[in-house]
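Residue numbers (the UniProt record's numbering): 1 to 82.
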């Protein structure tokens, strides 16, 4: 122990570095979360209200005519008989 009078200062410096990393990490996580929430909200808004985002059609493929629903090719009973 070269400088016993500086033990408190060294402890305060170590705590300060820990606190800086801790706070910086939380800002990073919160910032990423808010960015992802914002992007998702914008995407959902563009799908729900396309006229607000410069689009003309809403959810694509929502029409039964163009969505490609399967049509039965045989009777229901015959599907389960071998």
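For glycine and all other residues, C-beta sits at the position ideal for the given N, C-alpha and C.
Query	Result
For residue 31, the three-state DSSP class (helix, strand or coil)	helix
7 Å Cβ cutoff, residue 31 in contact with chain D	This model lacks chain D altogether, as it is built from one protein chain only.
Reduced DSSP secondary structure (H/G/I, E/B, other) of residue 53	helix
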